[in-house]
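The number in the working numbering is simply the position in the sequence shown, starting from 1, with 3 added.
By construction, the Cβ of each residue, glycine as well, lies at the ideal position given by its N, Cα and C atoms.
See below for the structure under consideration.
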Amino acid sequence: MTVYYSQEDKGWANIPYTIRNDPKQTIGTSACGPTCFAMVASTFGDKPILPPEAAKWAVDNGYRTADSGTKWSYFAAAAKKNGLTCLQTSNLATAKQALAAGALVIVSMGPGHLTGGGHYVLMVSIKGKWIEVYDPNHDNRKYGNDGLIRQGVKDDGIIEADELVFVREARQYWVFPQPEPTKNEEDEAMTDTERKQFEAMSKKVDELTSKVTTLTMAVKDATEVKPAPAWFVKEFGEGVLSKINNPTGTLDFWRSLAVSLRVMGFKI
Numbered sequence: 004m005t006v007y008y009s010q011e012d013k014g015w016a017n018i019p020y021t022i023r024n025d026p027k028q029t030i031g032t033s034a035c036g037p038t039c040f041a042m043v044a045s046t047f048g049d050k051p052i053l054p055p056e057a058a059k060w061a062v063d064n065g066y067r068t069a070d071s072g073t074k075w076s077y078f079a080a081a082a083k084k085n086g087l088t089c090l091q092t093s094n095l096a097t098a099k100q101a102l103a104a105g106a107l108v109i110v111s112m113g114p115g116h117l118t119g120g121g122h123y124v125l126m127v128s129i130k131g132k133w134i135e136v137y138d139p140n141h142d143n144r145k146y147g148n149d150g151l152i153r154q155g156v157k158d159d160g161i162i163e164a165d166e167l168v169f170v171r172e173a174r175q176y177w178v179f180p181q182p183e184p185t186k187n188e189e190d191e192a193m194t195d196t197e198r199k200q201f202e203a204m205s206k207k208v209d210e211l212t213s214k215v216t217t218l219t220m221a222v223k224d225a226t227e228v229k230p231a232p233a234w235f236v237k238e239f240g241e242g243v244l245s246k247i248n249n250p251t252g253t254l255d256f257w258r259s260l261a262v263s264l265r266v267m268g269f270k271i
C-alpha cells in the first residue's frame with residue numbers, strides 16, 4: 004500500500020525549506036517535491052523517510068532553488084541515494100504504462116486543476132482514463148468543478164484525475180519502478196557445478212552411513228553376551244561346555260577360548 008504524507012502536516016509544516024532564510028518558505032508552502040519523494044521512498048525503500056528528512060537533503064545538496072521550489076534533478080539524485088530506480092520522461096503514455104506495471108510516478112504540474120503556479124503530485128495507479136493521485140497539498144482548492152477531478156473524502160489528499168488534466172497541464176514525469184523482491188539463495192536453481200558437488204557429497208554421506216552401520220553391528224556382536232557360537236561347538240564339541248560354569252560370553256571371549264584350546268591341543 005502506498006504511503007501518503009501531507010506537506011501541511013502539523014508535525015513539519017512550519018519547518019523552513021529555504022536557502023535564503025525566507026520565513027515564508029516552509030515545508031508546508033514549498034516542499035511538495037520532497038514530500039512526494041518521501042512517499043515513494045517510504046513505499047519502495049528499506050525504511051520510512053519523512054518529508055523533513057527528504058527536504059533537508061534537498062537543501063543540503065543544492066536541489067532547493069531560491070524561489071522556484073525543488074529542482075527537477077533532485078528526484079534522480081534522491082532515488083540513487085536511497086537505492087531506487089528513477090526514469091525521467093515527458094511522455095504521458097510511458098507514465099501510464101509504468102503505473103499499470105506497479106510503478107509510482109511523480110509529476111511536475113503547471114497551472115490548472117492542481118496549482119496556480121507549479122506543484123508536484125504523485126501518481127499511484129490507473130484505471131481506464133482515471134489516475135489515482137496523492138496530492139501533498141491535502142486541502143488543495145484548485146480542483147475546480149468541471150468533472151476532471153474526482154475528490155472522494157474531502158481534504159484527505161487522495162483524488163482521481165482524468166488523464167486530460169495531465170495531457171494539458173503536466174510538465175514532466177519521474178517514474179519509480181517497483182523494486183523486484185530480493186531472492187533467497189535457497190530459491191535459486193543449482194548450477195551444474197553445484198549439482199555435481201551436491202551429488203558427490205550425497206554419495207560420500209551414503210558411504211559413511213553404511214560404514215557406521217557396519218561398525219555399529221560389529222560393536223554389538225563384540226559386546227553382546229551369547230551362548231557358544233555354532234563354529235565353536237562344531238570344533239570343540241558340547242563336552243567342553245559342560246566344564247564351563249555359565250557357558251556364555253562375548254564373541255571375543257569365545258574367540259580367545261578357542262585359541263587357548265587350540266594351543267593346548269584340545270580335540271573332540
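Cross-strand partners of Arg-153 (DSSP beta bridge)
Glu-163
Element boundaries [alpha helix (DSSP H), containing Val-243]
242 to 245
Considering only the alpha carbon of each residue, which of Ala-104, Asp-142 and Thr-73 lies closest to Val-110?
For Val-110, the closest of Ala-104, Asp-142 and Thr-73 by C-alpha to C-alpha distance is Thr-73.
Taking only three categories from DSSP, how would you classify Trp-234?
helix
Going by C-alpha to C-alpha distance, which of Ile-18, Ile-134, Ala-104 and Pro-230 sits closest to Leu-167?
Of Ile-18, Ile-134, Ala-104 and Pro-230, the residue nearest in Cα terms is Ile-134.
Three-state secondary structure (DSSP) of Met-267:
helix
Buried or exposed: Ile-247, going by 16 or more other Cβ atoms within 10 Å of its Cβ?
Ile-247 should be labelled exposed.
For the alpha helix (DSSP H) containing Met-42, list its first residue and its last residue.
For Met-42, the enclosing alpha helix (DSSP H) begins and ends at 35 to 47.
Taking contact to mean 3 or more Cβ pairs, one atom from each stretch, closer than 8 Å, check whether the region 83 to 90 and the region 150 to 166 are in contact.
no
Measure how close the beta-carbons of Ala-106 and Pro-37 come, nearest whole angstrom, since I'm counting them as under 8 Å.
That pair is no contact at about 19 Å.
Identify whether Lys-27 lies in helix, strand or coil by the three-state DSSP scheme.
coil
According to DSSP, is Val-62 helix, strand or coil?
Residue state, collapsed to three classes: helix.
At least three beta-carbon pairs within less than 8 Å, the region 121 to 128 to the region 201 to 210
The answer is no - the region 201 to 210 does not touch the region 121 to 128, with fewer than three Cβ pairs under 8 Å.
Which value, in whole angstroms, describes the spacing of the CA atoms of Ala-80 and Lys-99?
For Ala-80 and Lys-99, the distance between alpha carbons rounds to 23 Å.
By the DSSP assignment, the alpha helix (DSSP H) with Leu-53 in it spans what residues?
Premise fails: Leu-53 is in no alpha helix (DSSP H) and is neither H nor E.
State the beta-bridge partners of Glu-183 as determined by DSSP.
Answer by DSSP bridge pairing: none, since Glu-183 is not bridged.
I need the DSSP call for Arg-174, collapsed to helix, strand or coil.
strand
By Cβ distance, which residues of its chain are closer than 6 Å to Ser-45, with the 5 residues on each side in sequence left out?
Val-6, Pro-51 and Ile-52
Smallest Cα separation from Gly-268: which of Trp-257, Pro-184, Tyr-77 and Phe-239?
Phe-239
Would you report the Cα separation of Val-236 and Met-220, rounded to the nearest angstrom?
23 Å
State the DSSP-derived secondary structure class of Leu-102, mapped to helix, strand or coil.
helix
Roughly how many whole angstroms lie between the Cα atoms of Ser-76 and Ala-82?
10 Å
Indicate the three-state DSSP secondary structure (helix, strand or coil) for Arg-67 in the structure shown.
strand
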